[in-house]
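Residues in the sequence shown are numbered consecutively from 76, following the numbering used here.
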Amino acid sequence: MGPEQVALLAAVARHGSLAAAARALGLVPSALTYRVRQMEQALDVLLLDRRSRRARLTPAGQELLRAGDALLREWDALAQRVRRIATGWEAELTIAADAVICPRTLLELCEAFYALGAPTRLRLRGETLSGTLEALLSGQADLALGVTLERTPTAEIGLQPLGNVPFCFAVAPHHPLARAAEPLTPADIRTHRIVAVADTAPQGGLTVGPQPGQDVLTVPSMAMKLQAQLRGLGCGWLPQPLAQPHVNAGHLVLKATTLPARVVPTAYAWRQTARPVGSGAPRTGPALHWWLQRLADPLTRDALLMKRPGHDAPLA
């Protein structure tokens with residue numbers, strides 16, 4: 076069964092007789108009759124009710140035509156997609172987003188991208204710490220947002236600053252440290268459980284925040300870290316833009332510490348395609364090029380780092 080067989084059945088249903096359908100298709104009636112019988116034999120069902128002069132589809136034939144019409148539309152959409160990909164569009168673009176990236180802004184960018192009608196499928200990955208860059212270097216992502224550089228990328232990796240993310244030390248109002256004298260010392264903090272986000276790098280990567288010997292609650296995402304600290308399950312550092320709305324609402328308390336201020340510079344990185352010698356071909360595909368153009372806008376970068384009002388939810 077394929078598009079041609081479905082088209083034959085649709086012609087019979089539309090014209091009401093094998094003879095009329097054959098004329099419309101440019102076939103002799105016997106050829107059309109033979110092909111319909113082949114379809115019936117292949118499926119082991121009757122597709123046409125031949126008891127009257129008018130050819131009518133059986134319930135099985137009606138279902139085949141209904142489903143076949145949907146398949147024809149999908150086939151046509153696939154053909155158009157393949158033709159557009161043949162012009163240079165990537166079949167799929169994978170974006171690795173660190174825990175500091177605002178999902179609302181990221182989805183707004185996805186929405187704008189889909190409005191192009193591009194054939195490229197998007198795949199989003201949530202990563203943390205060194206896992207964000209690792210996803211890019213290992214070939215599991217084409218674009219990485221919120222990269223913190225622990226090592227120098229290869230020449231195949233393009234890199235641009237995304238912005239600085241200030242972190243603040245925060246606890247729930249009912250946490251013991253909320254009433255402790257400031258500034259908190261490492262000794263003060265060490266006696267209380269800290270909440271840390273697990274690094275998504277396969278080797279385990281980095282752990283940021285815990286003091287030597289401190290009890291640690293490790294969670295898989297920044298969203299869960301925030302919820303754990305709101306519940307008083309531990310203390311810890313949170314991105315300032317993420318914590319501030321909860322501080323304003325009285326659900327978190329900021330505490331000064333004697334530890335150095337934490338301001339994390341982040342970047343976005345992407346995989347570059349080598350340009351053939353003497354070729355004017357671009358170093359990126361059209362889909363990735365679109366994303367890089369949007370990331371060049373300072374307002375977009377600020378929104379991705381939750382520096383715009385209302386963009387205050389972490390990527391789960």
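From the three backbone atoms N, C-alpha and C, an ideal C-beta is built for every residue, glycine too.
Review point. Hey, how far is the Cα of Leu84 from the Cα of Val157?
Key: 27 Å
Review point. Going by the CB atoms, is the gap between Gln302 and Leu327 shorter than 8 Å?
Key: no
Exercise for review: May I ask which residues mark the beginning and end of the alpha helix (DSSP H) holding Thr375?
Suggested key: 373-379
Check your understanding: What is the DSSP secondary structure of Pro335, reduced to helix, strand or coil?
Key -> coil
**Study point:** Separation of Leu191 from Asp290, as counted between CA atoms
**Key:** 49 Å
Practice item. Put Trp164 into one of helix, strand or coil per three-state DSSP. Key: coil
**Study point:** Per-residue DSSP class, three states only, for Val111
**Key:** helix
Check your understanding: The alpha helix (DSSP H) with Leu184 in it runs from where to where?
Key -> 178-189
Point to revise | Identity of the residues DSSP links to Asn239 by a beta bridge | key: Pro340
Check your understanding: If you draw a straight line from the C-alpha of Leu281 to the C-alpha of Glu209, how long is it?
Key -> Note that Leu281 scores a pLDDT of 47, beneath 50, so its modelled location is shaky and nothing firm can be said.
Review point. Would you report the Cα separation of Thr229 and Ala117, rounded to the nearest angstrom?
Key: 56 Å
Practice item. Excluding the 5 residues preceding and the 5 following Asp124 in the sequence, name in chain order all residues of the same chain whose CB lies nearer than 6 Å to its CB. Key: Arg131, Thr133
Exercise for review: State the CB to CB distance for the pair Glu202 and Ala171, rounded to an integer number of angstroms; the pair is presumed to be in contact (CB under 8 Å).
Suggested key: 5 Å
**Study point:** Neighbourhood of His90 by C-beta, 7 Å cutoff - its chain only, sequence neighbours within 5 removed
**Key:** Ala96, Ala99
Practice item. Would you identify the three-state DSSP class for Glu149, choosing helix, strand or coil? Key: helix
Check your understanding: What is the rounded straight-line gap between the Cα of Lys300 and the Cα of Ile269?
Key -> 10 Å
**Study point:** Where the alpha helix (DSSP H) containing Gly206 begins and where it ends
**Key:** 205-212
Point to revise | Where the alpha helix (DSSP H) through Pro361 begins and ends | key: 361-370
Check your understanding: What do you get for Val87, buried or exposed, if any count of 16 or more other CB atoms within 10 angstroms of its CB means buried?
Key -> buried
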